[in-house]
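*Asks:* In the numbering used here, the protein residues as written are -13 to 302.
Backbone N, C-alpha and C fix where the C-beta goes; we use that ideal spot for every residue, glycine too.
Predicted model, so just to flag it, every value in this text is computed and none were measured.
One structure follows; several queries about it will come next.
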């Protein structure tokens, strides 16, 4: 298995999961990490073909996680880096696979569940989900920018000339699990400080996923040849922000949760150099294709999932 951009939280979990099963794992990174115990680190720049491409020839699976974080201000410079880091890395992986004599059987490419419209009224799956129309390269606001990023990201994947490789765009929600550096740690810290109250109106839905179910999704998709294209990777029960944060506080033992109005979030986001779109857009997304294929979740509901994660965290 080759994991471009696999040095972060999700990449580390993928590496541990598959190396434990006996797979050889190679992580492509701009900073070669010699300290990896369960993977081999190989340098790449995410733009140009180089010797790293040899790792894909004969690999069974590629999981591309490369891309600049969206946890930043969406100024002109950052927007361009967000676009380029996703498009260029996906395109050059496609070139490497196209040149391989023994191309991978499956290519997973990161994407995002933010593709679908702000939805309060009904869930969005792959068949019936609605996407707000955005002129390519010309989003009119920050929410449209996020959709445009996903559109261009997935286009780079599906435009690649890799007929012998099954391609899956992982339309991911936030992935929660124990361990340092993940989104759970950030939310837990906020809750423990008494700041984990309702954000904005609180009616906006949060799509989420337990990291253990995410890893099982990878196993499932590898084993099921009929799964390709865009796949929603999220739990089947998105939950309103108000209920999401209450369950988080309960799990973390936080008795106080101060709410934050939208204007407060805007000020906080400015000083924290991030955007409120990450919190206020209603992502009511469900994994229609995975459920139809027979996939069963170990952690289908948020209160149980967050309790499980907190228990793992506390027992470390």
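Could you tell me the alpha carbon to alpha carbon distance between residue 62 and residue 216, rounded to whole angstroms?
*Replies:* Start at 1 with the first residue of the chain shown, and residue 62 comes out as number 76. Start at 1 with the first residue of the chain shown, and residue 216 comes out as number 230. Distance between the alpha carbons of residue 62 and residue 216: 28 Å.
*Asks:* Sort 221, 108, 300, 265 by Cα distance to residue 277 and report the nearest one.
*Replies:* As a first step, residue 277 must be located in the chain shown, where it is residue number 291. Comparing Cα-Cα distances from residue 277 to each of 221, 108, 300, 265, the minimum goes to 221.
*Asks:* Please determine, among -10, 66, 274, the residue with the shortest C-alpha to C-alpha distance to residue 29.
*Replies:* Here residue 29 is taken as the residue at index 43 of the chain shown, counted from 1. Comparing Cα-Cα distances from residue 29 to each of -10, 66, 274, the minimum goes to -10.
*Asks:* Are at least three pairs of beta-carbons, each pair with one atom in the region 292 to 302 and one in the region 152 to 169, less than 8 Å apart?
*Replies:* Short answer: they touch.
*Asks:* Which residue wins for smallest C-alpha separation from residue 114, given the options 218, 242, 225?
*Replies:* Position 128 of the chain shown, counted from the first residue, corresponds to residue 114. That would be 218, whose Cα lies nearest to the Cα of residue 114.
*Asks:* Check whether the region 180 to 192 and the region 278 to 287 are in contact - that is, three or more C-beta pairs closer than 8 Å.
*Replies:* no
*Asks:* Can you tell me whether residue 17 is buried or exposed, with buried defined as 16 or more other CB within 10 angstroms of its CB?
*Replies:* Locating residue 17 in the chain shown gives position 31, where the first residue counts as 1. With fewer than 16 Cβ atoms within 10 Å of its Cβ, residue 17 is classed as exposed.
*Asks:* Kindly indicate the opening and closing residues of the beta strand (DSSP E) around residue 272.
*Replies:* For the purposes of this step, residue 272 is taken as the residue at position 286 of the chain shown. From DSSP, residue 272 is part of no beta strand (DSSP E); its letter is neither H nor E.
*Asks:* Take the Cβ of residue -3 as the centre, count every other Cβ of all protein chains shown within 10 Å, and call the residue buried at 16 or more, exposed below.
*Replies:* For the purposes of this step, residue -3 is identified with residue 11 of the chain shown, where counting begins at 1. Classification of residue -3: buried, given that the 10 Å Cβ count is 16 or more.
*Asks:* I believe residue 128 touches residue 261 by the beta-carbon criterion, under 8 Å. Please report the beta-carbon distance rounded to the nearest angstrom.
*Replies:* By 1-based counting over the chain shown, the position of residue 128 is 142. By 1-based counting over the chain shown, the position of residue 261 is 275. Yes, they are in contact, since the Cβ atoms of residue 128 and residue 261 sit about 6 Å apart, within 8 Å.
*Asks:* Can you list, in chain order, the stretches of the beta strand (DSSP E) that have 3 or more residues and sit fully within the region -7 to 28?
*Replies:* 12 to 15
*Asks:* Using a Cβ distance threshold of 8 Å, determine whether the region 90 to 104 contacts the region 135 to 143, with at least three qualifying pairs required.
*Replies:* yes
*Asks:* By the 10 Å Cβ neighbour count, where 16 or more other Cβ atoms means buried, how is residue 87 classified, buried or exposed?
*Replies:* Here residue 87 refers to the residue found at position 101 of the chain shown. The residue in question, residue 87, is exposed, as its Cβ has fewer than 16 Cβ neighbours within 10 Å.
*Asks:* Looking at C-beta atoms only, is the number of pairs between the region 242 to 249 and the region 36 to 52 that lie closer than 8 Å three or more?
*Replies:* no
*Asks:* Could you check the C-alpha separation between residue 178 and residue 226 for me, to the nearest Å?
*Replies:* Position 192 of the chain shown, counting from 1, holds the residue named residue 178. Position 240 of the chain shown, counting from 1, holds the residue named residue 226. Each residue's alpha carbon lies about 20 Å from the other.
*Asks:* Check residue 158 in the structure and name its three-state DSSP category.
*Replies:* Numbered from 1 along the chain shown, position 172 holds the residue referred to as residue 158. Here residue 158 sits in strand by DSSP.
*Asks:* For residue 148, which residues from the same chain have a beta carbon less than 8 Å from its beta carbon, with the 5 sequence-adjacent residues on both sides left out?
*Replies:* In the chain shown, residue 148 corresponds to position 162, counting from 1. Short of 8 Å from the beta carbon of residue 148, and not among the five residues preceding or following it, lie these beta carbons of its own chain, in chain order: 80, 83, 84, 89, 93.
*Asks:* Find the nearest neighbour of residue 290 within the set 255, 269, 223, judged by alpha-carbon distance.
*Replies:* Reading the chain shown from its first residue, position 304 is the one you call residue 290. Ranking 255, 269, 223 by Cα distance to residue 290 puts 223 first.
*Asks:* Could you say which of 269, 236, 205, 292 lies nearest to residue 48 if we only look at CA atoms?
*Replies:* As a working note, residue 48 is residue 62 in the chain shown. Of the listed residues, the one whose Cα sits closest to residue 48 is 205.
*Asks:* Can you give me the Cβ contacts of residue 116 inside the same chain, cut-off strictly under 8 Å, excluding the 5 residues immediately before and after it?
*Replies:* On the chain shown, position 130 is the one that residue 116 refers to. So the qualifying residues of the chain are 102, 103, 105, 110.
*Asks:* Helix, strand or coil: how does DSSP classify residue 193 here?
*Replies:* The residue labelled residue 193 in the question sits at position 207 within the chain shown. Residue state, collapsed to three classes: coil.
*Asks:* Just to confirm the assignment, what range does the alpha helix (DSSP H) spanning residue 250 have?
*Replies:* Here residue 250 is taken as the residue at index 264 of the chain shown, counted from 1. Residues 248 to 257.
*Asks:* Would you list, in sequence order, the uninterrupted beta strand (DSSP E) runs of no fewer than 3 residues that lie entirely inside the region 61 to 140?
*Replies:* Listed in chain order, the complete beta strand (DSSP E) runs (minimum 3 residues) inside the region 61 to 140 are 92 to 98.
*Asks:* Going by the CB atoms, is the gap between residue 74 and residue 32 shorter than 8 Å?
*Replies:* The count along the chain shown starts at 1 and reaches residue 32 at position 46. The count along the chain shown starts at 1 and reaches residue 74 at position 88. Yes, these two residues count as a Cβ contact at 8 Å.
*Asks:* Please name the residue, chosen from 135, 130, 195, that lies closest to residue 294 on a Cα-to-Cα basis.
*Replies:* Position 308 of the chain shown, counting from 1, holds the residue named residue 294. Looking at the Cα atoms, 195 is the closest of the given residues.
*Asks:* Closest to residue 66 by CA distance: which of 154, 132, 158 is it?
*Replies:* As a first step, residue 66 is located in the chain shown; it is residue number 80 there, counting from the start. The residue with the shortest Cα to Cα distance from residue 66 is 132.
*Asks:* On a Cα-Cα basis, can you pick out the residue from 198, 203, 145 that is closest to residue 274?
*Replies:* Position 288 of the chain shown, counted from the first residue, corresponds to residue 274. Of the listed residues, the one whose Cα sits closest to residue 274 is 203.
*Asks:* Identify whether residue 227 lies in helix, strand or coil by the three-state DSSP scheme.
*Replies:* In the chain shown, the residue the question calls residue 227 occupies position 241. Helix at residue 227.
*Asks:* Around the C-beta of residue 7, are 16 or more other C-beta atoms found within 10 angstroms, so that it is buried, or is it exposed?
*Replies:* By 1-based counting over the chain shown, the position of residue 7 is 21. That one is exposed.
*Asks:* The alpha helix (DSSP H) spanning residue 362 covers which residue range?
*Replies:* With the chain represented from -13 up to 302, any question about residue 362 goes unanswered, as that position is not in the structure.
*Asks:* Would you mind reading off the limits of the beta strand (DSSP E) that contains residue 175?
*Replies:* In the chain shown, residue 175 corresponds to position 189, counting from 1. From DSSP, residue 175 is part of no beta strand (DSSP E) but of the alpha helix (DSSP H) over 169 to 178.
*Asks:* I need the straight-line Cα distance from residue 286 to residue 159, nearest angstrom please.
*Replies:* One-based indexing of the chain shown puts residue 286 at position 300. One-based indexing of the chain shown puts residue 159 at position 173. Roughly 14 Å between the two C-alpha positions.
*Asks:* Between residue 23 and the ligand HEM, is the CB less than 7 Å from at least one heavy atom?
*Replies:* Absence of the ligand HEM from the depicted structure is noted, as is the absence of any ligand whatsoever, leaving it without description.
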